[in-house]
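Protein chains in written order, with our numbering: chain R, 28 to 435; chain A, 5 to 378; chain F, 55 to 278.
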């Protein structure tokens, strides 16, 4: 009975405290929304501008043989197919460097002297690419294109050598044979460049209930509400609490009671906020959810929140340094958000990481939220999350108990 | 100078371990993160559904080759299951190898051999297609070569004494033995070649943001010392609190810069990060901006906790705006974003100027010290 | 000589000091008494130039407290704040040396140690956080004397100091006034101390309790 009384007394203290700060509170809570909104808005804009301007690549030709000129001509013609992405131009090295300094060129490729000759006589050739430091992302794209072209040249080269092997049997005149081989080389190269016919493409839209926006919307909701939980938690932090807690404990109030009161308030405030956010989310996407769905979502979300809060509290109790505590909480929150798949879908993770994901509460929580909301599942497995919540709470209480005994 | 060092040492020696920790955490964290990202980057895989309508030597070879490409994880599935998983975004894309793949390829007909499905959430469809096409192309051009050889025989009316299979094996051998063409890449202005086409998350990139955050964690001394009751005493000494704080701010800047220089020498040896006189100049400018920002903000804030949170929020904003800014590429961005100083070597940045002005204002204002204090 | 002319101090609409005037002569020890909130600390802060008066003026050795003069004048002021203004995590020695570095007058190690002995503080190498409240108060006074001020303003400096030390500090302050001609203004709630130490006693505030108490014991108390 006494325990409950203490618990409620602290509940009141924390309620009062959060009331006092209510003015600055909405601003802090809006910050993650604004951040994520701005990110989405600006990245969409950035992607659009990227489409408008093709990447400019310079081609510097130090070889000047007839063959390389022809090869470059072929390249220039072939670029028409992807003109909206890439624009190639033959330049000399000085003007290429000048344009790069003016930041109008993303990269340039140098065909070295005797390029074709060396290649024909089976000598190794190094093709050098120079990237623009101010356009690193584009430079990497160019490098990939160059690599892909090189792969084709290498394959063509191998086949030419094969043909050459047999051609020697039939054509004795070296000059004639060389000419024949170059024709073959060009034919192979062009054959390679026209490979885009191989795959035909279709787009699959995801299942009726789920759209791209809904998927990202749910991820955004998950990220925002997790960050909110941390903010609310930090919001109720009191620097004087340490000094006060000695006095409070003299009245027979345990650390555990104070802690539980705080967590109840944190979870309460957070639950109201998240509910509002979810309501908004539901209305934006016009989700057809019924009462049972709400029950499932609430259960999963509540279990998830309990675990997050328990972990935050454990870090607070274990680490006395304020900065260390903040850093560790930040790292933990980030790690769990990443492993939930809310930032990058988990299917792209390394396989050995994917094997461990089911044991991570954030993954488990987001997975079931996605199943219910995106895939219309009428079922959720609560057991794993519930067990994790129990373990987290017990661990937290154990630490609080030990710490409470040690300090008094 | 000696006196300043002595006074600073008195403050530092009680929390030496903590200070050392925060001084070196950017370096340690960078090394750990670079290592981690390296591993993750190599092991990241794109899940691709592969549907083979008719199992033939060539289709299986294609699947095997694709699996060998480190970027992909191939799931061999039937069409229905594959598309179902794609819809649920359990796969990035699905490729269906049509019937008659081998026959068509042997005849030199490459048209629509494979049908690809992407979803509206596919991240890597284009590069997957590129890889598949070049693999198919490899197979196709071998048949083309074999055909050309056969053509030669026909042209000179000699009966063929070699089978198609033999020719194809020979072609594979040649390619494996003699890959003649290699590419290399470097950035303009750099001496050395970049080993792997520079990743977005370079060590400098990671270091910059972590050291930004820890600068705030290191500058809580300002709050502790300006808020202490002791601050009143400075009225009766030869130095005002502001002068004292500014002097020690300079001390911190020089000290931290020296550590930064050491760190970048290590980075140079570890990761081949470029160092030069101009680079160290930008590094100093960057250190100055970090410290002056932390210092100026600490002058406004009373509680360390709020100060740390502010530092955390600013770092968060800095990272997000940087990633956005890099993709948006506006000239305003290079002028406005503090990280641009070091990451892109842009001197023309608003923060050194703005912070200097604010520091001067603070320094001048302390001369008006005989004004109401409550 | 320190002259206080018609000093009024207001915080917002609230008037704390109203037309206060008096003079502090070299070698004189003045006690300020009055109930909590009567404005003793505010007056002391005005004297120590920590807060400027709302109206009226303070003149030290023919120099007015203003922006131009204040830096020079402050070097003559020793101020012992009510809140203990020392670095908690330093040792006694480190505190003394730290403030010596900031002092306009250089003092060597022996002189600093002597200062601590003068206030009967002998825990030279102990960290402040391990000292008792009384010890801290002693250090609080010692630091204020490093730059050899000619005027010393003390705001309840002996709270929490044991009786023996109190007497010792009183003697020390008295010797400062007599031997070095230091002018001292002193706030205290300890009437024995006030009676024993002060040449003149000023009373602030509406409540006549202290005044009556001191008058009963044969002291002349002036109301400001």
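In this text, a Cβ means the ideal position worked out from N, Cα and C, and glycines have one as well.
- The shortest CA-to-CA distance from residue 43(R) to any of 263(R), 300(R), 99(R) and 302(R) is the one to 263(R).
- At a cut-off of 8 Å between C-beta atoms, residue 158(A) does not count as an interface residue with respect to chain R.
- Assignment of residue 79(A) by DSSP, reduced to helix, strand and coil, places it in the strand class.
- Judged by DSSP secondary structure, residue 213(F) falls outside any beta strand (DSSP E); it is assigned neither H nor E.
- Taking a C-beta cut-off of 8 Å against chain R, the contacting residues of the stretch 48-79 of chain A are 48, 49, 50, 51 and 77, listed in chain order.
- Put simply, the backbone Cα of residue 336(A) is about 25 Å away from that of residue 207(A).
- For the pair residue 87(F) and residue 270(F), the Cα-to-Cα distance works out to about 15 Å.
- Per DSSP, the continuous alpha helix (DSSP H) segment holding residue 146(F) begins and ends at 146-156.
- Annotation for residue 342(R): 352, 355, 356 and 359 place their beta carbon closer than 8 Å to its own, counting only its chain and skipping 5 residues before and after.
- Note that the stretch 117-127 of chain R does not touch the stretch 141-155 of chain R; fewer than 3 beta-carbon pairs, one per stretch, sit closer than 8 Å.
- Of the residues assessed, residue 319(R) falls on the exposed side of the cut-off, its CB having fewer than 16 other CB atoms within 10 angstroms.
- Ranked by Cα distance from residue 164(F), the options 158(F), 157(F), 151(F) and 141(F) are led by 151(F).
- Taking the CA atoms as reference points, residue 84(F) sits about 5 Å from residue 252(F).
- Under the three-pair Cβ rule at 8 Å, the stretch 167-182 of chain F does not count as touching the stretch 38-57 of chain A.
- Interface flag for residue 11(A) against chain F is set, since a Cβ pair is found closer than 8 Å.
- Residue 367(R) is outside the set of residues whose beta carbon lies under 8 Å from a beta carbon in chain A.
- Within chain A, the C-beta atoms nearer than 7 Å to that of residue 193(R) come from 153 and 156, in chain order.
- Out of 334(R), 221(R) and 181(R), the CA that lies nearest to the CA of residue 104(R) is found in 221(R).
- Measuring C-alpha to C-alpha distances from residue 236(F) to each of 97(F), 206(F), 129(F) and 142(F) identifies 206(F) as the nearest.
- Scanning its chain for C-beta atoms nearer than 6 Å, with the 5 sequence neighbours on each side dropped, one finds around residue 419(R) the residues 334 and 337, in chain order.
- Below the 7 Å Cβ cutoff, chain A contributes no neighbours of residue 217(R), its closest Cβ being approximately 11 Å away.
- Around the C-beta of residue 217(F), fewer than 16 other C-beta atoms lie within 10 Å, and the residue is accordingly described as exposed.
- Taking 8 Å as the cut-off, the beta carbon of residue 242(F) is found no closer than this to the beta carbon of residue 266(F).
- Residue pairing by DSSP places residue 84(R) opposite 115(R) and 134(R) in a beta bridge.
- Contact of residue 191(A) with chain R by beta-carbon distance below 8 Å involves 157, 158, 159, 160, 163 and 166.
- Taking the C-beta atoms as reference points, residue 143(R) is found no nearer than 8 Å to residue 86(R).
- Secondary structure of residue 115(A) (DSSP, three-state): coil.
- Contact check between the stretch 86-100 of chain F and the stretch 56-76 of chain F: three or more CB pairs, one atom from each, fall below 8 Å, which counts as touching.
- As a beta-bridge residue in DSSP terms, residue 158(R) pairs with 134(R) and 191(A).
- Between the beta-carbon of residue 84(R) and that of residue 133(R) there is about 6 Å, and that keeps the pair under the 8 Å contact cut.
- Per DSSP, the unbroken beta strand (DSSP E) holding residue 60(F) starts and ends at 56-65.
- Residue 327(R): member of the alpha helix (DSSP H) spanning 318-345, first to last residue.
- For the stretch 145-164 of chain F, residues whose beta-carbon sits nearer than 8 Å to a beta-carbon of chain A comprise 148, 151, 152, 153, 155, 156, 157 and 158.
- Neighbours of residue 178(F) in chain A, taken as residues whose beta carbon is under 7 Å from its own, are absent, since the nearest beta carbon is some 15 Å off.
- Not a single C-beta of chain R is nearer than 8 Å to the C-beta of residue 212(A).
- The residue from 59(A), 58(A), 92(A) and 68(A) with its alpha-carbon nearest to that of residue 397(R) is 92(A).
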